[in-house]
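Everything on this sheet refers to the single structure shown next.
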Amino acid sequence: MLQDLIAEVAALAPQQLLALGIFTSYFALILWLFTRVLDSIQIASSQNERGRKSSLIDLFWILTAASFAHTWFYMFQYMAWSFSNFEAKNGIAASSGILMRVANWLCETSLFEEAWAAVCFGKMNWWWSEQLCLFTVGAWTIFLYVEGSHHQIKHVWAYMLLGQVVAISVASNLFYIALLSAKSQPRREGSIAVPAKLWIPVFISLATIPISPFTDEKTFLPNLLIMHVLIVLPLLSVSPLKVTKTGFSLSIFYLTVFLCSIPIRSRTVLNAASVLPEIDQSPYALFRAAWTTLHSHPAQSSIGWDVVWTTISFVIWIVVSSTTLNLFTTIYLLVASPFASVGVTAPYVLRPRTHSTSDSETKDD
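Per the numbering used here, the sequence shown starts with residue 37, numbered consecutively.
Dropping the structure here:
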């Protein structure tokens, strides 16, 4: 068995070895990012007081495991589909060794681009995928920077990268655990200033979202890479938060992202509704079509369920962590998120309402 494997590896061309190396490195990167994230949680956990937070931490661990298992069930299905589709299209018989076949598949297939193309093109497909893009680029990037700085969470950038290569729902649940595990920090009095290194990448990345479904073969990948790369940059060096009286405040930043997200999301919802039959264009018909699209392709299922888990986890986080959540905000979050998406509701809910307290502040035990 080992000799056969060595012989197969020896028969591979340099390009095939490189493709296998990149594929293997992808999973190695995932494992390494998990170690960085878990390291930041473990350090904080030693300072954690047992009590109400303990049950909340357990809840988010359950959500982490459930979202990871669910989204990656479909991710592995997508990889299997891509492999089978490649061999079927090229008329490849299962005569050669599996390693050679996998190497050929990886050489000829860009999994990242193929998966994102499957979830970006198509009005109902984009109805799903845009939700995650809006949330990640807008509220989630800001939330990571601000709360990571306030609670002194290590390796904040690792949460964003983990979300991009695994699932945003998995990374977000782990970050909620890190916040619950961290030692309580007093909130600064006054409006928090937003540095240019944060708002510039967010706004540029936000501009790439409405362009995505209208890109072509030449512009699709560059646009996608800009969206993904720019939001990591400000998280590489998270600075201590400062207070401003006249500058660009956090509340205004969240509100601006919220207002920018509304027309972007509205256009997508209207485009999705245009594919419905004229005899039934009700919200129920839209959700029924969305459900069908969700299971139309394994890549779509993976990102679609990532949207669902991300939304559920965010709603739970806001409900259990906020000290200033009022009835209107709660109803808005629960009712608007399924229709407008968490990408629209999150920046509205997260924006600080007072000078000394933000909605993301954790409740006392």
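Backbone N, C-alpha and C define an ideal beta-carbon position, used for all residues, glycine too.
- Note on geometry: alpha-carbon atoms of Ala194 and Ile213 lie some 14 Å from one another.
- If the five residues before and after Ile128 are omitted, its C-beta is found closer than 8 Å to the C-beta atoms of Phe122, Arg137 and Asn140, all from its own chain and listed in chain order.
- Ser241 and Ala175 have their alpha carbons spaced roughly 12 Å apart.
- Ile367 carries a helical assignment under DSSP once its states are collapsed to helix, strand and coil.
- With contacts defined by Cβ atoms closer than 8 Å, Phe289 and Val230 form a contacting pair.
- With respect to the C-alpha of Met115, the residue from Gln336, Thr365, Tyr384 and Val355 having the closest C-alpha is Gln336.
- The beta carbon of Ile189 lies closer than 6 Å to those of Ser76 and Ala214 in the same chain, with the five residues before and after it left out.
- Contact annotation: the region 155-175 touches the region 262-279, with at least three C-beta pairs closer than 8 Å.
- For Ala229, the pairing in a beta bridge is given by DSSP as Ser285.
- Considering only Gly379, Trp117, Trp353 and Pro319, the residue with the shortest C-alpha distance to Leu306 is Pro319.
- Under the three-state reduction of DSSP, Thr359 is assigned to coil, being neither helix nor strand.
- Distance from the CA atom of Cys169 to the CA atom of Ile245, rounded to whole angstroms, is 7 Å.
- By the C-beta density criterion, Thr328 is exposed, having fewer than 16 other C-beta atoms within 10 angstroms.
- The beta carbon of Gly340 lies closer than 7 Å to those of Trp164 and Leu330 in the same chain, with the five residues before and after it left out.
- When only Cα atoms are considered, Met263 and Lys89 end up about 35 Å apart.
- Measuring C-alpha to C-alpha distances from Ser338 to each of Glu144, Lys278, Phe104 and Asn259 identifies Phe104 as the nearest.
- Ser227 and Ser285 do touch by the CB rule: their CB atoms are close to 4 Å apart, below 8 Å.
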